[in-house]
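*Asks:* Right, I'll just put the structure down here and ask away after.
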Amino acid sequence: MPAAAQEPWAILAAIPEVAMDKEAAKRAFPPGVDASIAFDEPPRPSVLTVTPEISLPACLGCYPYVAAADRSGLLLLCGSHPMGTDCLKISHHVCDAVTGEVVTLPYPPRNMAFYGANIGLIVKGDAGCMVAALQSARRDGVDTGAAVLLSYKVGDDRRVWRERGINAGVSPAIPRGWFPEGVVSHGGMLWWVDLSNGLLACDPFADEPELLHVPLPTVADELPADSQVNSGARSCVKVSRGRLRYVRIHGGLDAPVVSMWMLVVSTWGPAGRWEWIPESSVPFAAVWMDESYVNTKLPSSIPAIALIHPMDPDRVFFFLGSSIFAVDLQLRKVVGFSKFEMLDPPKSTGRMRSSRFVHAWHYDPSSTRPEFVSACLNQEKVIAAMGSYSGIYRSRRRTYNKMVKSFWDLVTKQEQEMEQQRLQLEQQWRQRAMCRDFERRCGISEEIRISLPHLSGRNQNQPSSSK
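Under UniProt numbering, the first residue of the sequence shown carries the number 1, and numbering increases by one thereafter.
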C-alpha cells in the first residue's frame with residue numbers, strides 16, 4: 001500500500017522581515033497589500049515580510065513578532081513601533097496569507113505583554129475569528145491574581161475590545177510569577193502556556209468564560225535552567241495529530257533525555273479532569289551515536305527544542321547553532337537536517353533560538369477555507385474605513401512614512417555608531433594584547449621599551465605592566 005500523502009505545512013519564522021527599501025517594497029507589495037510570505041519546504045523556514053507601516057524591524061531590543069499562525073491562513077502579528085529610545089508602541093494585526101491584506105486592530109485598553117507572549121488567535125466554526133489576551137487584575141498597582149480576559153472579535157460592528165473578569169469562584173487564580181510563553185489554539189479554546197506554572201485555558205467566545213488550569217508533568221532530573229526567558233529551549237507545548245503534547249529535555253548535562261507527554265481527558269476522578277500520558281523518552285546519546293547524526297557533523301551538544309511535527313508527534317525538531325534537525329523518537333535517528341536562516345531576536349534581549357521563535361504552521365495555500373473567515377476580514381475593513389481609526393496612522397500615511405524614515409535613520413545611525421565604537425575598542429584591545437604578548441615573549445624590559453620609538457609612543461601615560 002502506498003504511503004499516505006503528507007498534508008502541507010510550513011515552519012514559519014516568528015520574527016518577520018520588514019521591507020524598508022522603498023523601491024523593493026513597491027515591487028513586492030501591490031497597492032492594498034502589506035504582507036507576503038515566502039514559503040519553503042520544511043525543515044527550511046518560511047518567512048513573512050511586511051511593510052514598515054505595519055511594523056519597524058528589530059531595533060533597540062524590540063522586534064515584531066508573529067504570535068499565532070492559524071490553518072485558515074490568518075496570522076496574528078504584533079508590530080513594534082519604537083517612538084524613541086525609551087518609548088515603544090505595540091500594534092496588533094491580522095494578516096491574511098491568501099490575499100496579503102492586513103487588518104489593523106484598535107489599541108487595547110490595557111498594555112499587552114511585549115512580543116505577543118499572552119495574546120492568541122482563534123478561528124471557531126461560524127462563531128468567527130477572535131483575538132484574546134489573558135491578564136491578571138491589578139489593584140493599587142499590585143497583581144491580585146484574578147483573571148481578566150481581553151477579547152476582540154474581528155468584524156464586529158462595535159470594533160472595541162471587550163474586557164471581562166473571569167469568575168474567581170469557579171476559576172483558578174493566575175499563579176504568582178506567571179510568565180506566559182505563548183498561546184495555543186486547540187479544541188475550541190485558547191491555551192496560555194507558562195512552562196513553569198502550567199496551562200490556563202478558556203473559550204473566549206463563551207458569554208461567561210471559565211478558566212481551566214492544567215499543571216505540566218514534573219521530572220525528578222531537571223536540567224539547570226539557562227534563564228526564564230529561554231525556557232522554550234528546554235520544553236514546549238504544541239499541537240500534533242490533533243492533541244496537545246508536551247516535550248521536555250531533562251536528565252544530567254552529561255546524559256540528557258528528551259521526553260514527550262500527551263494531554264487527555266482523564267477516565268477517572270472528577271469530570272473534566274485532564275492528565276498527561278507519557279508517550280516516549282529517548283536518551284540523546286542514542287541519537288548522537290547513530291550514523292544519521294554523525295553525518296550531520298553536528299557536535300554532541302544539548303540542542304534547543306524548535307517544534308513538533310504537526311501531523312507526526314514522533315518527529316521533534318531541534319536547533320543547534322544555525323542548523324535545524326528532526327529526530328524520529330521511535331527510530332532514534334535524524335530524519336531531517338538543514339541550515340536554518342531566520343532573523344534572531346536582538347542580543348540585548350538575552351533570548352536564543354527556541355520553540356518561541358518558530359511556528360509549525362499546518363496550512364495549505366492551495367486549499368479553500370470557510371467563507372466566514374473572508375467575511376470577517378471584509379467586514380472589519382469596511383467598519384475600519386468608516387471610522388476615524390483605520391490602521392497605524394493610515395489617515396496620515398505620508399506623515400507617518402516621513403516619521404518612520406526619520407526615526408529609522410536615527411536608529412540606524414545610532415546602531416552604526418555603537419557598532420563602530422565596539423569594533424574600535426575590540427581592535428585596540430587586540431593591539432594591546434598582541435603588544436603585551438610580544439613584550440612578554442621577547443623579554444623586553446621597561447628601559448628597552450622606552451628606548452624603542454614604536455613602543456614608547458604607545459600609551460606613554462599608562463604605567464608599564466611590569467610595575
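Positions of the beta carbon are idealized from the N, C-alpha and C atoms, including for glycine. Predicted model, so just to flag it, every value in this text is computed and none were measured.
What number of angstroms, rounded off, separates the C-alpha of V193 from the C-alpha of I54?
*Replies:* Along the sequence shown, read from residue 1 onward, the residue named residue 193 stands at position 193. Along the sequence shown, read from residue 1 onward, the residue named residue 54 stands at position 54. So the two alpha carbons sit approximately 27 Å from each other.
*Asks:* If you check the beta carbons only, do P200 and H213 fall under 7 Å apart?
*Replies:* The count along the sequence shown starts at 1 and reaches residue 200 at position 200. The count along the sequence shown starts at 1 and reaches residue 213 at position 213. Note that residue 200 is Leu in the sequence shown, not Pro. The answer is yes: Cβ separation under 7 Å.
*Asks:* May I ask which residues mark the beginning and end of the beta strand (DSSP E) holding R245?
*Replies:* Translated into the one-based positions of the sequence shown, residue 245 becomes position 245. R245 -> beta strand (DSSP E) spans 243 to 252.
*Asks:* Answer yes or no: do I90 and S136 have a C-beta to C-beta separation smaller than 7 Å?
*Replies:* On the sequence shown, position 90 is the one that residue 90 refers to. On the sequence shown, position 136 is the one that residue 136 refers to. Not a contact, by the Cβ cut-off of 7 Å.
*Asks:* Going by DSSP, what residues sit across from H359 in a beta bridge?
*Replies:* For the purposes of this step, residue 359 is taken as residue 359 along the sequence shown, with counting starting at 1. In DSSP, H359 forms a bridge with L12.
*Asks:* Which partner residues does E17 have in the DSSP bridge list?
*Replies:* As a working note, residue 17 is residue 17 in the sequence shown. Answer is T49.
*Asks:* Nearest to M95 by alpha carbon, out of S36, S300, D140, A25?
*Replies:* Stepping through the sequence shown from its first residue, residue 95 is reached at position 95. Checking the sequence, you will find Cys at residue 95 rather than Met. Residue S36 is the option with its Cα nearest to C95.
*Asks:* For I277 and L216, I'd like the C-alpha separation in whole angstroms.
*Replies:* As a first step, residue 277 is located in the sequence shown; it is residue number 277 there, counting from the start. As a first step, residue 216 is located in the sequence shown; it is residue number 216 there, counting from the start. I277 and L216: Cα-Cα distance of roughly 11 Å.
*Asks:* Among V154, A14, L190, L211, which residue has its Cα nearest to the Cα of A384?
*Replies:* Walking along the sequence shown from the start, residue 384 turns up at place 384. Taking only the C-alpha atoms, the option nearest A384 is V154.
*Asks:* Is the Cβ-Cβ distance between H186 and V239 less than 7 Å?
*Replies:* The residue you call residue 186 lines up with position 186 of the sequence shown. The residue you call residue 239 lines up with position 239 of the sequence shown. Against a cut-off of 7 Å, the Cβ pair of V239 and H186 comes out as a contact.
*Asks:* Quick test of your reading: S46 and V123, contact by CB under 8 Å. State the CB separation rounded to the nearest angstrom.
*Replies:* The count along the sequence shown starts at 1 and reaches residue 46 at position 46. The count along the sequence shown starts at 1 and reaches residue 123 at position 123. Contact doesn't hold; Cβ gap of about 19 Å is too wide.
*Asks:* Do the stretch 106 to 121 and the stretch 139 to 146 touch if we need at least three Cβ pairs shorter than 8 Å?
*Replies:* no
*Asks:* T104 by DSSP, collapsed to three states: which one?
*Replies:* Residue mapping note: residue 104 aligns to position 104 of the sequence shown, counting from 1. T104: strand per DSSP, three-state reduction.
*Asks:* Please list, in chain order, all residues of the same chain as G165 whose beta carbon is under 6 Å from its beta carbon, the five residues on each side excluded.
*Replies:* By 1-based counting over the sequence shown, the position of residue 165 is 165. These residues qualify, in order along the chain: V148.
*Asks:* Per DSSP, S240 is paired with what?
*Replies:* In the sequence shown, counting from the first residue as 1, residue 240 sits at position 240. In the DSSP output, where bridge partners are listed per residue, S240 has R243.
*Asks:* Considering only residues of the same chain and omitting the five flanking positions on each side of I15, which have a CB-CB separation below 6 Å?
*Replies:* Working through the sequence shown from its first residue, we reach residue 15 at position 15. Here the set comprises Y63, L343.
*Asks:* Would D34 be called buried (16 or more neighbouring beta carbons within 10 Å of its own) or exposed?
*Replies:* Stepping through the sequence shown from its first residue, residue 34 is reached at position 34. D34 should be labelled buried.
*Asks:* Would you call the stretch 295 to 312 in contact with the stretch 235 to 253, where contact means no fewer than 3 C-beta pairs closer than 8 Å?
*Replies:* In this structure the stretch 295 to 312 lies against the stretch 235 to 253, because at least three pairs of beta carbons, one per stretch, are closer than 8 Å.
*Asks:* Which word fits S465, buried or exposed, when buried means at least 16 other C-beta atoms lie within 10 angstroms of its C-beta?
*Replies:* Counted from its first residue, the sequence shown places residue 465 at position 465. Residue placement at S465 is flagged as unreliable, the pLDDT there being 44, under the threshold of 50; the coordinate-derived value follows with that caveat. Exposed is the call here.
*Asks:* Skipping 5 residues on each side, what residues in its chain have a beta carbon closer than 6 Å to that of S235?
*Replies:* On the sequence shown, residue 235 is found 235 positions in, with the first residue counted as 1. If we look at S235 and ignore the five residues flanking it on each side, its Cβ neighbours are L195, R248.
*Asks:* If you follow the alpha helix (DSSP H) that M386 is in, where does it begin and where does it stop?
*Replies:* Taking the sequence shown and counting its residues from 1, one reaches residue 386 at position 386. Unbroken alpha helix (DSSP H) run through M386: 371 to 386.
*Asks:* May I have the straight-line CA-CA distance separating W361 from Q6, to the nearest angstrom?
*Replies:* What you label residue 361 is simply residue 361 of the sequence shown in a count that begins at 1. What you label residue 6 is simply residue 6 of the sequence shown in a count that begins at 1. Computed Cα separation, rounded: 14 Å.
*Asks:* Apart from the five residues just before and just after residue 494, which ones in its own chain have a Cβ nearer than 7 Å to its Cβ?
*Replies:* Residue 494 lies beyond the range of the chain shown here (1 to 467); nothing can be said about it.
*Asks:* To the nearest angstrom, how far is the alpha carbon of D40 from that of S301?
*Replies:* Within the sequence shown, numbered from 1, the residue matching residue 40 stands at position 40. Within the sequence shown, numbered from 1, the residue matching residue 301 stands at position 301. Going from the Cα of D40 to the Cα of S301 covers about 27 Å.
*Asks:* Between R158 and M262, what straight-line distance do the alpha-carbon atoms span, to the nearest angstrom?
*Replies:* Residue numbering aside, residue 158 sits at position 158 when the sequence shown is read from its first letter. Residue numbering aside, residue 262 sits at position 262 when the sequence shown is read from its first letter. The alpha-carbon atoms of R158 and M262 are separated by roughly 40 Å.
*Asks:* Can you give the Cα-Cα distance for I11 and G242, rounded to whole angstroms?
*Replies:* As a working mapping, residue 11 is identified with position 11 in the sequence shown. As a working mapping, residue 242 is identified with position 242 in the sequence shown. C-alpha separation (whole angstroms): 18 Å.
*Asks:* Starting from F205, trace the beta strand (DSSP E) both ways and give me its first and last residue.
*Replies:* Sequence index remark: in the sequence shown, residue 205 carries index 205 (1-based). It is not in any beta strand (DSSP E) - F205 carries neither H nor E in the DSSP assignment.
*Asks:* In whole angstroms, what is the alpha-carbon distance linking D70 and P256?
*Replies:* By one-based count along the sequence shown, residue 70 stands at place 70. By one-based count along the sequence shown, residue 256 stands at place 256. C-alpha separation (whole angstroms): 33 Å.
*Asks:* State buried or exposed for V18, treating a residue as buried only when at least 16 other CB atoms are found within 10 Å of its CB.
*Replies:* Numbered from 1 along the sequence shown, position 18 holds the residue referred to as residue 18. By the 10 Å Cβ count, V18 comes out buried.
*Asks:* Using 8 Å for Cβ pairs, my map puts Y107 next to C78. What's the rounded Cβ distance?
*Replies:* Position 107 of the sequence shown holds residue 107. Position 78 of the sequence shown holds residue 78. Contact annotation, Y107 with C78: C-beta distance approximately 12 Å; criterion of less than 8 Å not satisfied.
*Asks:* Return no unless some Cβ of chain B is closer than 7 Å to the Cβ of H359.
*Replies:* In the structure shown, chain B does not exist; there is a single protein chain.
*Asks:* Work out the CA separation of V335 and T51 for me, nearest whole Å.
*Replies:* Taking the first residue of the sequence shown as 1, we reach residue 51 at position 51. Taking the first residue of the sequence shown as 1, we reach residue 335 at position 335. Answer to the nearest angstrom: the Cα atoms are 36 Å apart.
*Asks:* Take P8 and list the residues in its own chain whose beta-carbon comes closer than 6 Å to its own, dropping the five residues that flank it on each side.
*Replies:* The residue you call residue 8 lines up with position 8 of the sequence shown. D364, listed in sequence order.
*Asks:* Under the DSSP definition of a beta bridge, which residues are partnered with W178?
*Replies:* Start at 1 with the first residue of the sequence shown, and residue 178 comes out as number 178. Bridge partners of W178: none, in fact.
*Asks:* What residues in its chain sit with their C-beta under 7 Å from that of Q379, if we drop five residues either side in the sequence?
*Replies:* For the purposes of this step, residue 379 is identified with residue 379 of the sequence shown, where counting begins at 1. Answer for Q379: G155, listed in chain order.
*Asks:* So what does DSSP say about E291, is it helix, strand or coil?
*Replies:* Looking up residue 291 in the sequence shown gives position 291. Three-state DSSP puts E291 in a helix.
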